[in-house]
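Here the structure comes first, spelled out in structure tokens, and everything after it is commentary.
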């Protein structure tokens, strides 16, 4: 007797397997036996779903062929991914020196532009179009577009990344995969081999809490999908709760406020992507930097752009490429980062605007913390191969202040706490980095990098720096422009530097236990 339930459970795999080579085909082809997700016939699928093919053996990604998604109601082509187009640049492009924007970057109000209504690569703010010949998708309303990998292979799994915001609620879709997309795989054809239906409708527009789960069981399958849904400026704080999982995606959002993004577990929610300045460079005719109003950067794995009152909690944010590559780039005012691990390369963490960071671990290769501040770090860990920071604040605000933090060198290089405020002729004569009760391991005896030009307003200051064993750090060789604070002489100053609102321009940040005691 036929076990009908068992047959139905195997049906999605059988439908895909019907497209595989015959038994006499080469050995590589015979190894390919993918299981599709969403399964063929699946219902209530999130429109931001990724498409996954799981093989019996590690698949080899091809260099040609297309993946197509059709609306099953009318056979309308909804999305095409062409494997013949490279994902993005792999070598640095030599760009001429370019100016910054003469007027602040415009963040338009109204409905956000997406791949559904705008061509990816549409320039903003007078930027030259991105170089042709690479994959492009609009993320978070940034119409200039991001380079991305349409298919990522890890182990036995090939994950397909549709262009953002093209699938809709209440639709039925079928997917076709050309031969050549996966070596030795004859593909998926027809209208019935891989079919799924999306949820009838999204969460309520006034939802104060939405969930993300990579397995598709949440309100959204990707963090970006949730960010695209939640309102920009809700009357009440909105929370995006991210379940444990691996989220390989570029995250970019702009002009949002009153938003909490909270992971289930710091070490089990991993948001990461292979992104850097080479893969997603700035426009050829416009430079980017940390100053307010300049052209936004696209090189971070996770970027919160021009935001206010955004809280990030309990997750790991990582870029997996080297070079100028932030795990987290956050720009705006009154933002909070707590119990987060940030892993990057050069400029692993970039912080611009008033930000409170507590129990954050930052790992990088040099200039590991970059930005103009003001930023208040409490009980944080910083691990770096090169200089721990390059602080670029002006006289308008404080820079980086660290209270009860730990600085540990990676390797034997003895990096400086901060590098020179002068770089390529541009100086930051008011650069400020203040350490209160820090624990130092492997830091150079000089402590601070060379300071070019007038150092009278540079504040490279320490109070009570300690070795790992609790003994005082030998500061006898510290840079002459730096300063050691003492309780006898500087008690009031030391107290002020331990007061977040004084450092952060009058804003008192919340912590996990409520407002910081001052």
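Residue numbers (our numbering): 72 to 589. Heads up, the beta-carbon is just placed ideally off N, CA and C, and yes, glycines get one too.
Of the residues assessed, residue 216 falls on the buried side of the cut-off, its CB having 16 or more other CB atoms within 10 angstroms. A straight-line Cα-Cα distance of about 5 Å links residue 242 and residue 269. Apart from the 5 residues on each side of it in sequence, residue 339 sits with its Cβ closer than 7 Å to the Cβ of 315 in its chain, given in chain order. Excluding its 5 nearest sequence neighbours in each direction, residue 557 has C-beta neighbours in its own chain below 8 Å: 534, listed in chain order. Residue 288 has its alpha-carbon roughly 25 Å from the corresponding atom of residue 208. Measuring C-alpha to C-alpha distances from residue 395 to each of 551, 244, 368, 307 identifies 368 as the nearest. Rounded to the nearest angstrom, the gap between the Cα atoms of residue 448 and residue 478 is 12 Å. Proximity to residue 211 across 517, 321, 259 peaks at 321, based on C-alpha coordinates. By a beta-carbon distance limit of 8 Å, residue 520 contacts residue 487. Their separation comes to about 4 Å.
When secondary structure is reduced to three states using DSSP, residue 565 falls in the helix class. Looking at 309, 345, 349, 319, the one whose alpha-carbon comes closest to that of residue 332 is 309.
Pairing residue 378 with residue 160 gives a Cβ-Cβ distance that is not under 8 Å. Using a Cβ distance threshold of 8 Å, residue 329 and residue 363 do not count as a contacting pair.
For residue 124, the pairing in a beta bridge is given by DSSP as 107, 229. For residue 442, the enclosing beta strand (DSSP E) has its first and last residue at 440-449. The stretch 118-162 contains no complete alpha helix (DSSP H) run of 4 or more residues. Within the same chain, Cβ atoms closer than 8 Å to the Cβ of residue 528 are found at 466, 500, 501, the five residues on either side in sequence being excluded. Every alpha helix (DSSP H) of 4 residues or more that sits fully in the stretch 277-336 is shown, in chain order, as 294-300. Judged by beta-carbon spacing, residue 375 lies within the 8 Å limit of residue 402, meaning their Cβ atoms are closer than that value. DSSP places residue 572 in the uninterrupted alpha helix (DSSP H) bounded by 571-574. Three or more beta-carbon pairs separated by less than 8 Å are not found between the stretch 409-425 and the stretch 530-544, which leaves the two stretches without contact. In the structure shown, residue 452 falls within a strand segment according to DSSP collapsed to helix, strand and coil. With three or more CB-CB distances shorter than 8 Å, the stretch 125-143 counts as touching the stretch 222-237. Ranking 405, 424, 385 by CA distance to the CA of residue 432 puts 385 first. Rounded to whole angstroms, residue 361 and residue 442 show a C-alpha spacing of 6 Å. Only residues of its own chain outside the window of five on either side were considered, and among them 516, 517 have a CB closer than 6 Å to the CB of residue 548, listed in chain order. For residue 348, the secondary structure class from DSSP, reduced to helix, strand or coil, is coil. With contact defined as three or more Cβ pairs closer than 8 Å, the stretch 129-139 and the stretch 167-175 are not in contact. Cβ-Cβ separation between residue 564 and residue 536: approximately 16 Å, too far for a contact (criterion under 8 Å).
Proximity to residue 239 across 250, 458, 144, 254 peaks at 144, based on C-alpha coordinates. In this structure, 219 is the residue among 506, 276, 481, 219 with its C-alpha nearest to the C-alpha of residue 156.
In this structure, residue 507 sits away from residue 459, with a CB-CB distance that is not shorter than 8 Å. For residue 253, no beta strand (DSSP E) encloses it, and the DSSP letter there is neither H nor E.
Judged by DSSP in its simplified three-state form, residue 190 adopts coil rather than helix or strand.
By the Cβ neighbour-count rule, residue 336 is exposed, with fewer than 16 other Cβ atoms within 10 Å of its own. Non-local C-beta neighbours of residue 250 in its own chain, meaning closer than 8 Å and more than five positions away in sequence, comprise 136, 256, 257, 258, ordered along the chain.
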